[in-house]
Amino acid sequence: MGNPLSTASMLSTSLAFFFTFILYASLARTTQALSVRSSVLSNSSKSLIVETTSGKARGFLDNITTSISLKKCFGIRYAQDTSGHNRWRPPQPYRYNDTIFNATAFGPACLQGRTDGGSGTSVQSEDCLRINVIAPVGAKELPIYLYSYGGGFDSGASSDPKIDGSFMAAKGIVFASYNYRLSLWAWPHATEIAQANQTQNFGLLDTRAAIRWIQANADVFGGDPAKITLGGESVGAEMTNFYLSAWPDDPIIRGAIMQSSDTSQPQWVLGNQLEAISKNQSCPTGNGQLDCLRGKDGFALQSILLETGNQFQPVIDNITVFKNYVKQTRENRIANVPLLIGTNKVFLSRDIIRDAAWLVRERCFYVHSFVSCSKSNNFNFPFANTTDVLKLYPTSSTLYPSVYNATSAMWRDAHMLCLAHNLGKWRTEALGLPVWRYRFDLVANNLNSLGASIGTFHGEDIQFVMGCGVLDTVIGTQPTVIPN
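This is the structure in structure tokens:
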């Protein structure tokens with residue numbers, strides 16, 4: 001994917017590319033997917049009430065967003081409230097309820113580990129394990145794409161408008177997105193749990209629960225339970241990578257998509273950051289710690305978390321999260337499914353790009369920071385030194401005209417490209433699994449006002465993959481769906 005394509009054509013190309021992979025991974029019949037348009041006319045008056053394992057839900061009909069009529073159900077609970085007794089426990093299936101649930105609006109985001117969790121996070125709750133489903137009217141046995149949002153393991157929500165899957169669904173799939181627990185509530189770094197030899201990566205257990213839910217309820221939305229693809233961007237892609245090793249023998253899914261996955265991670269051993277919160281709440285730091293904290297208000301814990309600035313991220317437990325995913329792949333301790341993996345030309349975020357001071361700091365700061373991280377973490381440059389890195393990424397050169405260009409290339413290669421290459425290599429050469437790789441290079445002027453000198457930043461591809469571009473606010477005009 002390169003610069004010669006216009007923004008509009010890139011939207012269509014990106015959407016078609018990902019849609020084609022989902023069809024391939026699902027082994028869906030093309031004629032089946034292309035029959036959606038004719039089905040719309042004969043089923044447009046069909047009831048908007050669906051009966052799921054969580055109970056009945058009333059969705060709504062969207063005849064505006066795309067040229068295809070879509071049936072949408074938002075905010076359905078796929079698991080119980082995670083507060084109180086259920087806090088820091090595996091997700092519990094939501095009990096069937098005879099009351100018809102109003103599924104016309106997104107549910108609350110999970111409690112965030114940042115002051116600003118981003119779009120779609122203004123309303124938060126521990127009763128957040130919700131799933132959203134979009135399908136063409138009259139859909140039948142279509143492949144399903146379950147999408148995991150990014151956000152650094154401590155922020156984000158499925159209600160973020162830039163991950164609206166309407167245009168993907170209009171191509172002939174069932175699109176689903178879901179919330180998973182974050183930060184302190186997802187990965188507590190609790191000694192009690194570690195000593196019991198149990199996993200405490202509850203956010204990943206939420207992913208498993210969401211997959212089981214969409215599998216059990218696929219038919220009511222017109223999906224095929226045997227044709228589920230799991231994917232996401234950034235941390236959503238990392239969650240996908242984790243998932244492939246966490247349930248290698250029973251993955252349920254038939255394919256995986258990883259957009260800009262930091263496959264160098266994780267590097268998190270069990271930490272002690274929970275102690276500060278326990279002490280603040282007069283709870284013990286040993287036995288009884290979790291039961292004591294379960295009795296506390298979730299928003300009170302959030303306030304303490306934000307005050308301390310501590311980060312809570314997935315814990316290496318060798319149950320659901322492992323240290324070395326290239327090793328996991330090489331030893332075939334992964335789900336044997338097709339994989340689409342790629343990244344953007346630049347790794348750094350739009351927020352950093354906007355910080356002019358960040359761009360003019362001395363080069364040595366970046367290099368020393370990078371070298372230090374590469375030695376302590378599971379990067380592809382474990383023996384890096386400053387001299388060698390400077391030779392590989394010389395600034396004021398044709399390839400790296402600025403410090404920013406060199407730095408972004410360093411982090412892209414270490415975080416995204418090198419280990420993605422190794423994962424792909426071992427999946428194909430050792431295991432004989434299908435792998436597709438891509439790089440997204442388009443610089444969209446309306447997303448990046450600084451232009452080509454900055455490049456295609458982390459996350460810019462999301463709007464193109466979704467095919468929506470957040471409508472007029474990003475691409476200027478509503479994109480068109482490629483006619484069937």
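Mapping of the sequence shown onto UniProt numbering: position 381 corresponds to residue 381, and the numbering continues sequentially without gaps. Even glycine gets a Cβ: it sits at the ideal position worked out from N, Cα and C.
Considered as a whole, the segment 290 to 318 harbours 298 to 308 as its complete alpha helix (DSSP H) runs of no fewer than 4 residues, in chain order. For the 8 angstroms CB-CB criterion, G117 and G156 form a contact.
Only residues of its own chain outside the window of five on either side were considered, and among them G59, F60, D62, I134 have a CB closer than 7 angstroms to the CB of K72, listed in chain order. Going by beta carbons, S69 and V137 fall inside the 8 angstroms limit.
Taking C-beta atoms as the reference points, Y24 and P338 count as a pair closer than 8 angstroms. Residue environment analysis places V321 among the buried positions, since at least 16 neighbouring C-beta atoms fall within 10 angstroms of its C-beta. I173 places its beta carbon 8 angstroms or farther from that of Y149.
In summary, P188 is buried, with 16 or more beta-carbon neighbours lying within 10 Å of its beta-carbon over all protein chains present. Secondary structure of E233 (DSSP, three-state): strand. Taking C-beta atoms as the reference points, S234 and A420 fail to come closer than 8 angstroms. Distance from Q289 to G342 at the Cβ level is roughly 42 angstroms; contact not present, criterion being Cβ atoms closer than 8 angstroms. DSSP lists R439 as the bridge partner or partners of T343. Under DSSP, M258 forms a beta bridge with G232, I341.
Every candidate alpha helix (DSSP H) stretch fails here, since none sits fully inside the segment 50 to 99 while reaching 4 residues. About 4 angstroms separates the CB atoms of D127 and D81; that is less than 8 angstroms, so the two are in contact. Separation of V435 and V465 (C-alpha to C-alpha, rounded to the nearest whole angstrom) is 18 angstroms. Fewer than three pairs of CB atoms, one per stretch, sit closer than 8 angstroms, so the segment 292 to 304 makes no contact with the segment 316 to 334.
For the options T104, F167, T53, F440, the alpha carbon positioned closest to that of A79 is the one of T53. Our two residues, R412 and I49, have alpha carbons roughly 46 angstroms apart in a direct line.
Counting along the chain, Y147 sits inside the beta strand (DSSP E) bounded by residues 142 to 148.
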